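The block underneath contains the structure these notes are about, expressed in structure tokens.
In my numbering, the protein residues as written are 27 to 158.
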């Protein structure tokens, strides 16, 4: 029987600085007179992940692009997908590729929409894309 780890697998976290009190006050005041404008700005912030500081590509593998989604594939066998967290990219998972391929698995690592090398996609299928 395989033992499962109780530890969180994500080791890289995006740390955003706190919002300055003056900005909070300004947004609160603007929200009282122009709530639609504040809502549009909030949606834009929500839909825009922090950009990665390091390249997302991992050495080796076969690169692919499916629409706006970029990724890479290694090995043969049952498929395992490496999925990064919010604001992350596939390069953060590079240390997992070699051991998984050595274990006889096909590894697929990709950048989620609007992360790493992937472009933006609609919020919902057939819906409008996130505002730019």
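Ideal placement from N, C-alpha and C gives every residue a C-beta, glycine not left out. The structure presented is a predicted model; accordingly, all values stated were derived computationally and were not measured.
| Check | Outcome |
| --- | --- |
| Three-state class that DSSP yields for residue 138 in the structure shown | coil |
| DSSP-derived helix/strand/coil call for residue 112 | coil |
| Residue 135 classed as buried or exposed, judged by whether at least 16 other C-beta atoms fall within 10 angstroms | buried |
| Own chain, CB closer than 8 Å to residue 63, minus 5 neighbours either side, in chain order | 56 |
| Three-state secondary structure assigned by DSSP to residue 94 | coil |
| Endpoints, the alpha helix (DSSP H) within which residue 121 is located | 120–128 |
| Rounded separation between residue 101 and residue 47 - CA only | 51 Å |
| Run of the alpha helix (DSSP H) containing residue 59, from where it starts to where it stops | 47–59 |
| CB-CB length for residue 116 against residue 108, believed under 8 Å | 7 Å |
| Own chain residues within Cβ distance below 6 Å of residue 126, not counting five before or after | 106, 133 |
| Strand pairing of residue 89, partner residues [DSSP] | 98 |
| Burial state of residue 142 (16 or more Cβ within 10 Å) | buried |
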